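Student: Sharing a structure, written as structure tokens. Questions coming.
Below, the structure written as structure tokens:
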């Protein structure tokens, strides 16, 4: 497809389980970002990847969160031992590269609900 | 701490009138600002941006104004249309020392715009 694709679109799981969220960026985009949006709040930066550089993990809220990206393609965000406060919409975005004149294009997100 | 603030949770405007959405920031390192529009169950869509070297940028019905001394920006939509009804997010980024965008966007909480026919 032409846009950023995320899967699943919805995920409901029990507290304590691990979850894996997937993002397919726009083809050719070297930069990939993960954000989350809790109910009634703005988007919160989690992590970004730029080409083969070391990712910026400064936004990850705890060591239960990790993300990987293979080359300039798919990325997965993994949350281990999920907690109820992890419930949010997780959004992925990509851009040609990390520069001010390259706006980030977002997917529709994965709505994660922790019971 | 909320580095980007949108103090109005909602705004209601009549079709054809001007919509003005406001955003304040506290981090003086921010040098690039963006507005995104979001419909329910969809990801944010980029609308318009402005660099800190400018004070105005215009694209069709959308104009963004930046007041650096006040650390304030606003988005003007003229004329407003019912299809503009959505949540509008202000976002900011800070370039690193090399002048390349750091990549990380800091978002405000959003303003729900409703345009009545």
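Chains as they are written, first to last, in the working numbering: chain A, 444 to 558; chain B, 491 to 607. Quick reminder that beta carbons are idealized off the backbone N, C-alpha and C, glycines included. Every value quoted in this text rests on a predicted model; they were computed, and no experiment measured them.
Taking 8 angstroms as the threshold (beta carbon to beta carbon), is residue 491/A in contact with chain B?
Tutor: Answer yes: the Cβ-Cβ gap between residue 491/A and chain B drops below 8 angstroms somewhere.
Student: Would residue 494/A count as contacting chain B if we go by Cβ distances under 8 angstroms?
Tutor: So, not an interface residue.
Student: CB-CB under 8 angstroms to residue 593/B, same chain, minus the five flanking residues each way: which ones, in chain order?
Tutor: Here the set comprises 583.
Student: Among 578/B, 555/B, 546/B, 538/B, which residue has its Cα nearest to the Cα of residue 501/B?
Tutor: For residue 501/B, the nearest C-alpha among the options comes from 578/B.
Student: Using a beta-carbon distance below 8 angstroms, is residue 546/A in contact with chain B?
Tutor: Interface residue, yes.
Student: If you measure beta-carbon to beta-carbon, which residues of the region 468 to 480 of chain A are closer than 9 angstroms to chain B?
Tutor: Of all residues in the region 468 to 480 of chain A, 474, 476, 478, 480 have a Cβ within less than 9 angstroms of some Cβ in chain B.
Student: Would you be able to state if there are at least three C-beta pairs under 8 angstroms between the region 503 to 520 of chain B and the region 494 to 513 of chain A?
Tutor: Cβ pair count under 8 angstroms is below three, so no.
Student: Please report the straight-line C-alpha distance between residue 570/B and residue 548/B, rounded to a whole angstrom.
Tutor: Cα-Cα distance, rounded: 15 angstroms.
Student: What does residue 549/A touch in chain B if you count any residue whose Cβ is under 9 angstroms from its own?
Tutor: Under the 9 angstroms cutoff, chain B gives 526, 528, 532, 533, 534, 535, 536.
Student: State yes or no: is the C-beta of residue 557/B nearer than 7 angstroms to some heavy atom of the ligand ZN?
Tutor: As for the ligand ZN, it is missing from this structure, which has no ligand bound.
Student: Apart from the five residues just before and just after residue 453/A, which ones in its own chain have a Cβ nearer than 6 angstroms to its Cβ?
Tutor: Within the same chain, residue 453/A has close Cβ partners 554.
Student: Measuring CA to CA, which of 460/A, 449/A, 450/A, 445/A is closest to residue 527/A?
Tutor: Nearest C-alpha to residue 527/A: 460/A.
Student: Just how far apart, CA to CA, sit residue 512/B and residue 596/B?
Tutor: Residue 512/B and residue 596/B: Cα-Cα distance of roughly 15 angstroms.
Student: From this set, 568/B, 536/B, 520/B, which residue's C-alpha is nearest residue 545/A's C-alpha?
Tutor: Among 568/B, 536/B, 520/B, the Cα nearest to that of residue 545/A is on 536/B.
Student: Among the candidates 447/A, 488/A, 485/A, whose CA atom is the shortest distance from the CA of residue 473/A?
Tutor: Minimum Cα distance to residue 473/A is reached at 447/A.
Student: Using a Cβ-Cβ distance under 8 angstroms, would residue 488/A count as near chain B?
Tutor: Yes, contact with chain B.
Student: Strictly by DSSP, which residues pair up with residue 458/A?
Tutor: Answer by DSSP bridge pairing: none, since residue 458/A is not bridged.
Student: Runs of 3 residues minimum, wholly inside the region 504 to 562 of chain B: which ones carry the beta strand (DSSP E) assignment?
Tutor: DSSP runs (the beta strand (DSSP E)) wholly in the region 504 to 562 of chain B: 509 to 515, 522 to 528, 535 to 541, 546 to 549, 552 to 557.
Student: Taking 8 angstroms as the threshold (C-beta atoms), are residue 532/A and residue 480/A in contact?
Tutor: Against a cut-off of 8 angstroms, the Cβ pair of residue 532/A and residue 480/A comes out as a contact.
Student: Taking residue 539/B as the query, report the chain A residues whose CB atoms sit under 7 angstroms from its CB, ordered along the chain.
Tutor: By Cβ distance, chain A contributes 546.
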